[in-house]
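> I have a structure here, written as structure tokens, and I will follow up with some questions on it.
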DNA sequence: GCAAATTAGTTGCTAACGAAACCAAGGTCA
DNA sequence: TGACCTTGGTTTCGTTAGCAACTAATTTGC
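Put into structure tokens, the structure is as follows:
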């Protein structure tokens, strides 16, 4: 860890912590606003939530895969995937095909109706992302991209660290 | 991002939406990981959740304010603030003082115990944020900061836009 | 001065979340 | 082969979220 000798404030009373500048807070506010903006755009029209959207998009991207693989690729807890899949299956947007070699899992894929919805939805999502990115100075975009990658990586490490230090205790 | 000319699939219907590169998705994953890393660090030791943490920090920063002001400053729905305040009050970390000029609201502030907790907590949070930022290339940090600000701004606009277009319909 | 609208904050209700228990199918190893 | 462990996926359960309805205090408009 890097030193922080540069910032040597009187520890006790000086409120060195400004919530509005605090990175985790800002990330959370940003992510919530962005998610809610996006889902406002499609939630009403297509009647799906974020987890369903992710499953749909993942299947649109890869064609056919197991629930486990969907979860791994879209960073979702298996219960979330399970419920989203059930939802989409009930609406006949995806289908399940048994894997004869391993009856625990099954292969999921989009139905024609699901593919149709995906084909409508994907460009909307892309346009939305572009509209967002337009607001960011073009010179800052690669840095943003790199930074998010690093933050994901580092916070993943920290989560693992804490989990480990707890295990050995 | 890297080019994908190699992957030239049925161009018309395949808009190449890669979830793993999709900004809203990446932001959400990032924010969730960061929040969960941070709260793992203090949740067990201090027995508070994110909303309580935010109230505590806001009061630590500003000294005395109404629930409404806390909500505005920390981007929290009033019910969240209300419940977090109730929680903290029960644990005698904050107190309520009636406003004789407007009996609907009351002024909240940290008790000595609350201040003590804040004084312990704030440096931990700051260290955590620094540890995160260390992972980001120093040259990219200002860009990250600007970008988040812009994204918050723009997505706020979009939310308002959609709400308005709905109103007039 | 008072009825109607507004505002600060709380509460009730339902949906969504994730941890943990669970179930059924596979794998391991003697 | 058969006990035991692991794994993919579902279900249960307790917690948390936010919308909407509510209460109580204040402001507005006539």
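Protein chains in written order, with the numbering used here: chain Y, 1 to 169; chain G, 1001 to 1169.
Cβ coordinates follow ideal geometry from the N, Cα and C atoms, glycine included.
#1: Please list, in chain order, the chain Y residues whose beta carbon lies closer than 8 Å to that of residue 1108 of chain G.
#2: Please confirm if residue 156 of chain Y has its CB atom under 8 Å from at least one CB of chain G.
#3: Using 8 Å as the threshold, is the C-beta distance between residue 70 of chain Y and residue 128 of chain Y below it?
#4: Check whether the Cβ of residue 85 of chain Y lies closer than 8 Å to any Cβ atom in chain G.
#5: Less than 8 Å between CB atoms is the rule here; does residue 1028 of chain G satisfy it with respect to chain Y?
#6: My understanding is that residue 1136 of chain G touches residue 150 of chain Y, with C-beta atoms under 8 Å, so please give their C-beta distance in whole angstroms.
#7: Under 8 Å between C-beta atoms, does residue 1095 of chain G make it to chain Y?
#8: According to DSSP, simplified to helix, strand and coil, what is residue 1094 of chain G?
#9: Please check the pair residue 1057 of chain G and residue 19 of chain Y, which I expect to be a contact at CB under 8 Å, by giving their CB distance rounded to whole angstroms.
#10: With DSSP as the reference, identify every bridge partner of residue 76 of chain Y, one or two as the case may be.
#11: Considering only their Cβ atoms, is the gap separating residue 1055 of chain G from residue 1081 of chain G smaller than 8 Å?
#12: Sort G/1017, G/1075, G/1112 and G/1117 by Cα distance to residue 1051 of chain G and report the nearest one.
#13: Please classify residue 100 of chain Y: is it buried, with 16 or more other beta-carbons within 10 angstroms of its beta-carbon, or exposed?
#14: Evaluate contact between the region 110-125 of chain Y and the region 1090-1106 of chain G, counting only Cβ atoms and requiring at least three cross-stretch pairs below 8 Å.
#15: Would you please verify whether the beta carbon of residue 58 of chain Y is less than 8 Å from any beta carbon of chain G?
#16: Any beta carbon from chain Y within less than 8 Å of residue 1111 of chain G's own beta carbon?
#17: When the cut-off is 8 Å and only beta carbons count, does residue 41 of chain Y lie next to chain G?
#18: Note down, in chain order, every chain G residue with its Cβ under 8 Å from the Cβ of residue 19 of chain Y.
#19: Closer than 9 Å between beta carbons: that is the criterion. Which residues of the region 123-142 of chain Y meet it against chain G?
#20: Identify the continuous alpha helix (DSSP H) that holds residue 1107 of chain G and give its terminal residues.
#21: Where residue 1078 of chain G and residue 1068 of chain G are concerned, what is the direct C-alpha to C-alpha distance, given to the nearest angstrom?
#22: How long is the line joining the alpha carbons of residue 1088 of chain G and residue 38 of chain Y, rounded to whole angstroms?
#23: Is it buried or exposed for residue 1060 of chain G, if we count other Cβ within 10 angstroms and need 16 for buried?
#24: So what's residue 158 of chain Y in DSSP terms, helix, strand or just coil?
#25: Output yes if chain G places a C-beta closer than 8 Å to the C-beta of residue 153 of chain Y; else output no.
#26: Which residues does DSSP pair with residue 103 of chain Y in a beta bridge?
#27: Hey, residue 132 of chain Y and residue 1155 of chain G are a contact pair by Cβ (cut 8 Å); roughly how many whole angstroms apart?
From the atom records:
#1: Chain-ordered listing is empty here: chain Y has no CB closer than 8 Å to the CB of residue 1108 of chain G, the nearest sitting near 15 Å.
#2: Judged by the 8 Å Cβ criterion, residue 156 of chain Y is in contact with chain G.
#3: No, they are not a contact pair.
#4: It does not; no Cβ of chain G falls within 8 Å.
#5: Taking Cβ atoms only, chain Y reaches closer than 8 Å to residue 1028 of chain G, which makes this a yes.
#6: At roughly 5 Å, the Cβ-Cβ gap stays under 8 Å, so residue 1136 of chain G and residue 150 of chain Y are in contact.
#7: No - not a single Cβ of chain Y is within 8 Å of the one on residue 1095 of chain G.
#8: Residue 1094 of chain G falls in the strand class under three-state DSSP.
#9: Right, their Cβ atoms sit about 5 Å apart.
#10: Per DSSP, residue 76 of chain Y has no beta bridge partner at all.
#11: Cβ atoms of residue 1081 of chain G and residue 1055 of chain G: closer than 8 Å.
#12: The shortest C-alpha separation from residue 1051 of chain G is found at G/1075.
#13: Its Cβ having fewer than 16 others within 10 Å, residue 100 of chain Y is exposed.
#14: With a cut-off of 8 Å, the region 1090-1106 of chain G and the region 110-125 of chain Y do not count as touching, because too few Cβ pairs lie within range.
#15: Interface residue (Cβ-Cβ distance to chain G less than 8 Å): residue 58 of chain Y is classified as such.
#16: By the rule that beta-carbons nearer than 8 Å mark a contact, residue 1111 of chain G does not touch chain Y.
#17: Answer yes: the Cβ-Cβ gap between residue 41 of chain Y and chain G drops below 8 Å somewhere.
#18: Residues of chain G passing the Cβ test: 1054, 1057, 1058, 1061, 1073 and 1074.
#19: Taking 9 Å as the Cβ-Cβ cut-off against chain G, the residues of the region 123-142 of chain Y that qualify are 123, 125, 126, 128, 129, 131, 132, 133, 134, 135, 136, 137, 139, 140, 141 and 142.
#20: Not the alpha helix (DSSP H): residue 1107 of chain G falls in the beta strand (DSSP E), residues 1106-1110.
#21: Rounded to whole angstroms, residue 1078 of chain G to residue 1068 of chain G spans 7 Å at the Cα level.
#22: Cα to Cα, residue 1088 of chain G sits roughly 34 Å from residue 38 of chain Y.
#23: Burial of residue 1060 of chain G is indicated by the presence of at least 16 other C-beta atoms within 10 angstroms of its C-beta.
#24: In the structure shown, residue 158 of chain Y sits in a helix (DSSP, three-state: H, G or I).
#25: Yes, residue 153 of chain Y lies at the interface with chain G (some Cβ there is under 8 Å from its Cβ).
#26: Answer is none; residue 103 of chain Y lacks a bridge partner.
#27: In this structure residue 132 of chain Y is in contact with residue 1155 of chain G, their Cβ atoms being roughly 7 Å apart against a cut-off of 8 Å.
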